[in-house]
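At position 82 of the sequence shown (counting the first as 1) the number is 82 in this note's numbering, and the numbers step up by one without a gap. These notes are about the structure you will find just below.
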Amino acid sequence: MPGPRTRTASPRRWFGLALMSLSLLVIGLDATILAVALPTLTTDLNASTRELQWIVDAYSLTFASFLLPAGLLGDRYGRRAVLLLGFVIFGAASGWAAFSSDAQGLIAARALMGVGAAIITPLTLAMVPVMFPREERGKAHATWSVVSGIGLPLGPILGGWFLEHFWWGSVFLINIPILAIALIGTPFLVPESRAAEAPRVDLLGTLLSTAGLVLLVYGIIEGPHLGWVDVETTGTIVLGLVLLMVFVWWQARTDHPLLDLGLFRSRRFTWPTMALALVFLSLMGMLFVLTPYLQTVLGASPFGTGIRLLPLVAGLLLGAAPSDWLVKRFGAKLVIATGLFVLSAALLGYTRLTVGDSYQFTGTLLVAVGLGMGMTLPSSINHLMEALSAHKTGVGTAVNNAFRQVGAALGVALLGTIINTTYSDKMDSAAALLPPPLRSVVKDSIGAAHEAAARLGPAGDRLVAAANDAYVRAAANAALVAAIVCAVGFVVILLFLPWKPDAVHAPAEAQQEQAGQSDDTAVESSSSLP
């Protein structure tokens, strides 16, 4: 009888990781690449502010909703097979998005792209223990983390360059050749694997969480258009919250939960996860707010807008570089709280924004925003990961990623709605002086107002001035809300994040058994490369 097989690392494993990392780069790019295209979409697709919110949020909502079940599907049906499906979905949706002729089509395509991203993200990470021996996994995980994050700052710059040389759809077409390379090479460089015991997918939990999030965001985005006391607005918000509460109730009772509520027994996991969600709420919300300001009010080109967002990256690097040393010296609690305080103070600075301000004011505050984010992000991630026992690391990472996407979606919904409401209200008097067909148009967005002003001759100058002033006031209000949210996070971290560890423990024997099963599963259920 043959002895047990031992896993040997493929000499092509690093090429396989590099190939999968290409798809992660695309996902990172698509999280921010659309930011610089928003004013262009207003003009080319006649998209209103709330349609722009949906174009951005459709991606984050489906990303967050399908992230947890996608990992389970890979465990059941084969991680490589489901990963290839993710490449196909993301690539096909990118093509659909590039050639969409209206905002509704682009929203649908972005939602499908989110599904593809939700499949690719956890499964590329799940392949690391399959492909790499234990002593190389730290380096492989670091590579995965760097590549998955580097697309975020590159998105606005690359998107701006494409917009200056091609049409807006080109920002999506760049995904297709990259994903095609990953699709062709993955079967040759990445082994197939699945869990020894195929877990059940919680379909009811997926439905409840997705419907709850979509209804909640729908109510927030559509509120200014329908009216906040309208039955449809209040009904969808209330129903969304009820469904999310039912989701939590169901997760506590089902044998195969989508979300492991036991993770939240650890305050060292719960509150850093909240901090990360707040950072992404601020990041994506303020990108949505600042891009039209930089392009329409300050007159920057799309590529120039991407360059003008670089101080955010510089601040992030400055904050992240000493974060590990600061945590060792002062503790994660103090570093995370300080990061949120700096972020809140920087956002509060934007409440002083005026039409006459130069870019230097915005750029300086962007450095401070990045500094706060840089202190908060790595400190929170490391702290929550240390709170997880060995066999909960994978699910803990997935939950953390899902909460970040929820934060991003809520940031665009919340801050975008404040922009929409304030801008529309401030434009009432200026719109009243225009012909009736133009009144609702100029109140939809600042881009529409500038486009209308170009057709009005000398009278257009007054409309441009009114629109710029209305938008800057709206941006200040949005920044104030973001600052308050981060300030609340600062207080919560100080009050509830403990100084001492309280890890999510399992009995040592169970952890050892799980670790052994994890390695055995990788051996027994991984097929060799072709």
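We put the beta carbon where it would ideally sit given N, CA and C, even for glycine.
- Assignment of Asn400 by DSSP, reduced to helix, strand and coil, places it in the helix class.
- Here Leu226 is not near Leu61, since their CB atoms are 8 angstroms or more apart.
- Ala409 and Thr273 have their alpha carbons spaced roughly 16 angstroms apart.
- Within the same chain, Cβ atoms closer than 6 angstroms to the Cβ of Asp260 are found at Val395, the five residues on either side in sequence being excluded.
- In this structure, Ala182 and Phe87 form a Cβ contact; the two beta carbons are roughly 6 angstroms apart against a cut-off of 8 angstroms.
- In this structure, Thr338 lies away from Pro156, with their beta-carbon atoms at least 8 angstroms apart.
- As summarised for the stretch 106-178, the continuous alpha helix (DSSP H) elements at least 4 residues long and confined to that stretch are 128-131, 134-165, 170-173, given in chain order.
- Here Asn468 carries a helix assignment [DSSP, helix/strand/coil].
- Of the other Cβ atoms in all chains shown, fewer than 16 fall within 10 Å of the Cβ of Lys328; this residue is therefore exposed.
- Secondary structure at Glu192: coil, using DSSP grouped into helix, strand and coil.
- If you ignore the 5 residues before and after Trp250, its C-beta comes within less than 7 angstroms of the C-beta of Leu204, Gly205, Leu208, all in its own chain and listed in chain order.
- Only exposed fits Val491, as fewer than 16 other CB atoms lie within 10 angstroms of its CB.
- In terms of Cβ geometry, Ala103 and Glu51 form a close pair [threshold 8 angstroms].
- Around the beta carbon of Arg462, fewer than 16 other beta carbons lie within 10 angstroms, which makes this residue exposed.
- Shown here, Gly71 sits in a helix according to DSSP, grouped into three states.
- The distance from the Cβ of Ile119 to that of Ala413 is about 24 angstroms, inconsistent with a contact at the 8 angstroms cut-off.
- In terms of Cβ geometry, Asp44 and Trp168 form a close pair [threshold 8 angstroms].
- Judged by DSSP secondary structure, Val217 falls within the alpha helix (DSSP H) whose first and last residues are 203-226.
- In the DSSP annotation of this structure, the continuous segment of the alpha helix (DSSP H) that includes His450 starts and ends at 446-453.
- Ala452 and Val464 have their C-alpha atoms some 9 angstroms from each other.
- If you check the CB distance, Ala126 and Ala109 do not come in under 8 angstroms.
- The Cβ-Cβ distance between Ile150 and Ile107 does not fall below 8 angstroms.
- Between the stretch 276-287 and the stretch 396-408 there are three or more C-beta pairs closer than 8 angstroms, enough to call the two in contact.
- In this structure, the straight-line span from the alpha carbon of Phe66 to that of Val115 is close to 6 angstroms.
- In the structure shown, the three-state DSSP call for Arg265 is helix.
- The three-state secondary structure of Pro458, taken from DSSP, is coil.
- Counting only residues of its own chain and dropping the five nearest sequence neighbours on each side, Pro498 has a CB closer than 7 angstroms to the CB of Arg267, Arg268.
- The stretch 412-431 makes no contact with the stretch 75-89, as fewer than three CB pairs between them are under 8 angstroms.
- Going by DSSP, Tyr359 is part of the alpha helix (DSSP H) stretching over 359-386.
- Contact between Gly160 and Pro311 fails: their C-beta atoms lie close to 15 angstroms from each other, not under 8 angstroms.
- The shortest C-alpha to C-alpha distance from Val289 to any of Met20, Arg12, Ala37 is the one to Ala37.
- Of all C-beta pairs linking the stretch 239-253 to the stretch 347-363, fewer than three are shorter than 8 angstroms, placing the two stretches out of contact.
- Straight through space, the alpha carbons of Ala402 and Ile89 are spaced by roughly 19 angstroms.
- Asn477 and Asp30 have their C-alpha atoms spaced approximately 27 angstroms apart.
- In the three-state DSSP reduction, Arg439 falls in the helix class (H, G or I).
- Counting the other CB atoms within 10 Å of its CB gives Gly299 a total below 16, which places it among the exposed residues.
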